[in-house]
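A.B. asks: Residue numbers (the numbering used here): 20 to 445.
The beta-carbon is built from N, C-alpha and C at its ideal position, and this holds for glycine as well.
Just so you know, these numbers come straight off a predicted model, no measurement behind them.
Got a structure for you, written out below as structure tokens; questions coming shortly.
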Amino acid sequence: MKLADYTELWQSLGLDLEAHDGLLRTLGQAYKEIYLSQKNRPAGMDYFDFVISEIHGLRIRELAEARKEGRMVVGTFCLYVPEELVLALDGIAVGLCAGADVGTEAAEQVLPRNTCALIKSFFGFKLSGLCPYTEVCNLVIGETTCDGKTKAYELFNEYKPTFVIEVPRMKSPAARALWRSELGRLAAKLEELSGQPLTAEKLSAAVRTVNAKRAALHRLNALRQADPAPISGRDALLINQVQFYDDPVRFTEKVNALCDELEERVRQGVGVAPAGTPRVLVSGCPMAAPNWKLPFVVESSGAVIVGEESCVGERGTRHLVSEEGSTVDDILDRLAARYLEIDCAVFTPNTERLDHITEMAKTYAADGVIHYALQFCAPYTIEAARVERALAAQEVPLLRIETDYSMEDMPQLQTRVQAFLEMVRA
Ligand code: BJ8
């Protein structure tokens, strides 16, 4: 997938060059089959194709240059880590590689086999020297969300400095106070790392930047309410994935330009599939790049995905931070409140998520919902039962999928998805 020669850069980051070349070749091939083979894609996808082609190249060079200029680069794996704090200190926040079945063997030397694919993946990427993002960043910020990640970060810290923030599991007043104080502790850590003090001016500018990014993504997602859908679920997912890697201002501009094009498509009734194509909503665990397995199966089976109730989707974009507040403490309060609105399945009770799924099914006129959970992910596999009941009350059918990142269950997935779509059509 690479356009230029980045060998020296990758070498300086300590990547395993041979294995990394193999990974890029496999990804390039998969991208061709899953993405470039699609018909009638919006022209604005060219930019995102380019970003993916350079995901381990140009962007890594930008990050390495930022490090040389003394800026901090911080890696994250979760929506609860506020990007605004990093940006306000002239740093860069990036999502780390966690969406491919690489380095599993190495990861299983350290982690139990019955760990979810996402955790095994980030460990595997690190242990196999395959993630340039992990290598280029100064610090990883972890969180106490699920038990798997909470305990895995203790071990991960032995390979890469990892600072863990405590995310509560309830939204009580005491939990809110704890969470607010955790954001204060994170802010102090980032101030120390960047060598700068946090100011209200820079923090509100960062809030506006990230709000603009989320609003653009929300605009993109809302355009998918049209029938025919103006963009495929695969492409929309890709854009949602790219948000974690790209420069936020550049990204926002490109998403808005694409939305202008999609608005025109909607006006003219142009879609990626004919009107009346079965519309599917995907809900559940996040799909980190390059995890495109399920969307490919669904859309190559004759349906179109019109929304994602996921961290790489609406769960991450629907809430904005209030732009009021004139002191650092004030803005931190608002940040804390916004981040605790995220309805991840690690929370109990988590009725907001059920309300959101049923509301999305209605707004996006979904004919069915596919609940996507990674094997061994207790929060999402268990919460699936409540999701199913909430949707059944609205007469929306649900298909529960539990899978990992391997390709071994593709035929089985295809059979189940096709049977579900038959039922939905009937
Ligand atoms: S806010 S969904 S990104 S925690 S799949 S590692 S939950 S066992 S990813 Fe998540 Fe933050 Fe919540 Fe979103 Fe654990 Fe489940 Fe694995 Fe998961």
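If you count every other CB in all the chains shown that lies within 10 Å of the CB of aspartate 246, and 16 or more means buried, which is it?
C.D. replies: By 1-based counting over the sequence shown, the position of residue 246 is 227. Buried.
A.B. asks: I need the straight-line Cα distance from arginine 353 to alanine 206, nearest angstrom please.
C.D. replies: Position 334 of the sequence shown, counted from the first residue, corresponds to residue 353. Position 187 of the sequence shown, counted from the first residue, corresponds to residue 206. Going from the Cα of arginine 353 to the Cα of alanine 206 covers about 14 Å.
A.B. asks: Please report the distance separating the alpha-carbon of isoleucine 258 from that of leucine 46.
C.D. replies: Locating residue 258 in the sequence shown gives position 239, where the first residue counts as 1. Locating residue 46 in the sequence shown gives position 27, where the first residue counts as 1. One C-alpha to the other measures close to 17 Å.
A.B. asks: Could you give the DSSP three-state label for serine 72: helix, strand or coil?
C.D. replies: Your numbering for residue 72 matches position 53 in the sequence shown. Here serine 72 sits in helix by DSSP.
A.B. asks: Under a three-way DSSP split, which group does lysine 21 fall into?
C.D. replies: Walking along the sequence shown from the start, residue 21 turns up at place 2. Confidence in lysine 21 is poor, its pLDDT being 47 and thus under 50, which makes the residue's placement unreliable; the coordinate value appears in the next sentence. Lysine 21: coil per DSSP, three-state reduction.
A.B. asks: For alanine 248, is the classification buried or exposed, using 16 other Cβ atoms within 10 angstroms of its Cβ as the cut-off for buried?
C.D. replies: Your numbering for residue 248 matches position 229 in the sequence shown. With 16 or more other Cβ atoms within 10 Å, it is buried.
A.B. asks: Which residue or residues does DSSP assign as beta-bridge partners of phenylalanine 67?
C.D. replies: Within the sequence shown, numbered from 1, the residue matching residue 67 stands at position 48. Beta-bridge pairing links phenylalanine 67 to no other residue.
A.B. asks: To the nearest whole angstrom, what separates the beta carbons of isoleucine 111 and alanine 136, a pair I think is in contact under 8 Å?
C.D. replies: The residue you call residue 111 lines up with position 92 of the sequence shown. The residue you call residue 136 lines up with position 117 of the sequence shown. With 8 Å as the limit, isoleucine 111 and alanine 136 do not qualify as a contact, their Cβ atoms being about 27 Å apart.
A.B. asks: Beta-carbon within less than 7 Å of alanine 23's beta-carbon, same chain only, minus the 5 sequence neighbours each way: which residues are those?
C.D. replies: Within the sequence shown, residue 23 is the residue found at index 4, counting from 1. Contacts found: Gly76.
A.B. asks: So for isoleucine 250, helix, strand or coil by DSSP?
C.D. replies: The sequence position of residue 250 within the sequence shown is 231, counting from 1. It is coil, neither helix nor strand.
A.B. asks: Is it buried or exposed, proline 216, if we count other Cβ atoms within 10 angstroms and call 16 or more buried?
C.D. replies: Locating residue 216 in the sequence shown gives position 197, counting from the first residue. Proline 216 should be labelled exposed.
A.B. asks: Could you tell me the alpha carbon to alpha carbon distance between alanine 224 and leucine 351, rounded to whole angstroms?
C.D. replies: On the sequence shown, position 205 is the one that residue 224 refers to. On the sequence shown, position 332 is the one that residue 351 refers to. In a straight line, the C-alpha of alanine 224 is about 13 Å away from that of leucine 351.
A.B. asks: Would you give the residue range spanned by the beta strand (DSSP E) that glycine 387 belongs to?
C.D. replies: Residue mapping note: residue 387 aligns to position 368 of the sequence shown, counting from 1. That run of the beta strand (DSSP E) goes 387 to 393.
A.B. asks: Going by Cα to Cα distance, which pick from Pro398, Thr434, Met442 and Glu280 is closest to methionine 64?
C.D. replies: Along the sequence shown, read from residue 1 onward, the residue named residue 64 stands at position 45. Among Pro398, Thr434, Met442 and Glu280, the Cα nearest to that of methionine 64 is on Glu280.
A.B. asks: In the structure shown, what three-state DSSP assignment does glutamate 37 receive?
C.D. replies: Within the sequence shown, numbered from 1, the residue matching residue 37 stands at position 18. Helix at glutamate 37.
A.B. asks: Between the Cα of leucine 239 and those of Arg337, Val129, Thr367 and Arg80, spot the shortest distance and give me the residue it belongs to.
C.D. replies: Walking along the sequence shown from the start, residue 239 turns up at place 220. Comparing Cα positions, the closest option is Arg337.
A.B. asks: When you compare each of Val325, Leu359, Tyr25 and His39 to valine 340 by their alpha carbons, which one comes out closest?
C.D. replies: One-based indexing of the sequence shown puts residue 340 at position 321. Of the candidates Val325, Leu359, Tyr25 and His39, the one whose C-alpha sits nearest the C-alpha of valine 340 is Leu359.
A.B. asks: Can you pull the DSSP bridge partners for serine 302?
C.D. replies: Your numbering for residue 302 matches position 283 in the sequence shown. Answer is Glu328 and His390, bridged to serine 302.
A.B. asks: What residues are listed by DSSP as bridge partners for arginine 419?
C.D. replies: Mapped onto the sequence shown, residue 419 falls at position 400. Beta-bridge pairing links arginine 419 to His390.
A.B. asks: Over the uninterrupted beta strand (DSSP E) stretch that includes glutamate 378, give me the two end residues.
C.D. replies: Translated into the one-based positions of the sequence shown, residue 378 becomes position 359. Careful: glutamate 378 lies outside any beta strand (DSSP E), inside the alpha helix (DSSP H) at 370 to 382.
A.B. asks: Decide yes or no for the touch test of the region 405 to 413 against the region 368 to 377: beta carbon pairs closer than 8 Å, at least 3 of them.
C.D. replies: Judged by Cβ distances under 8 Å, the region 405 to 413 makes contact with the region 368 to 377, as three or more pairs qualify.
A.B. asks: Based on the DSSP output, what are the partners of leucine 158 in its beta bridges?
C.D. replies: Within the sequence shown, residue 158 is the residue found at index 139, counting from 1. Looking at the DSSP assignment, leucine 158 forms a beta bridge with Val93.
A.B. asks: Does cysteine 156 come within less than 8 Å of chain D when only Cβ atoms are used?
C.D. replies: The displayed structure is made up of one protein chain only, and chain D is not part of it.
A.B. asks: By the DSSP assignment, the alpha helix (DSSP H) with alanine 112 in it spans what residues?
C.D. replies: The sequence position of residue 112 within the sequence shown is 93, counting from 1. That residue, alanine 112, is in no alpha helix (DSSP H); its beta strand (DSSP E) goes 111 to 114.
A.B. asks: Let me check understanding here. Comparing Cα to Cα, which of Asp120, Asp68 and Phe175 lies closest to alanine 255?
C.D. replies: Here residue 255 is taken as the residue at index 236 of the sequence shown, counted from 1. It is Asp68 whose Cα lies nearest to the Cα of alanine 255.
A.B. asks: Using 8 Å as the threshold, is the C-beta distance between valine 331 and glycine 252 below it?
C.D. replies: One-based indexing of the sequence shown puts residue 331 at position 312. One-based indexing of the sequence shown puts residue 252 at position 233. It is not a contact, given that the beta carbons lie outside the stated cut-off.
A.B. asks: Measuring CB to CB, does phenylalanine 96 end up less than 8 Å from leucine 82?
C.D. replies: Taking the first residue of the sequence shown as 1, we reach residue 96 at position 77. Taking the first residue of the sequence shown as 1, we reach residue 82 at position 63. Contact flag unset, no.
A.B. asks: Does the pairing of the region 295 to 309 with the region 266 to 283 give three or more beta-carbon distances under 8 Å?
C.D. replies: The region 295 to 309 vs the region 266 to 283: no contact.
A.B. asks: Any chance the CB of cysteine 116 is under 7 Å from a heavy atom of ligand 1?
C.D. replies: Within the sequence shown, numbered from 1, the residue matching residue 116 stands at position 97. Answer for cysteine 116: no, Cβ out of range of ligand 1.
A.B. asks: At what residues does the beta strand (DSSP E) containing isoleucine 184 begin and finish?
C.D. replies: Counted from its first residue, the sequence shown places residue 184 at position 165. Unbroken beta strand (DSSP E) run through isoleucine 184: 181 to 184.
A.B. asks: Per DSSP, what kind of secondary structure is valine 268 in: helix, strand or coil?
C.D. replies: For the purposes of this step, residue 268 is taken as residue 249 along the sequence shown, with counting starting at 1. Helix at valine 268.
A.B. asks: Valine 323 by DSSP, collapsed to three states: which one?
C.D. replies: On the sequence shown, position 304 is the one that residue 323 refers to. The answer is strand: DSSP assigns valine 323 an E or B state.
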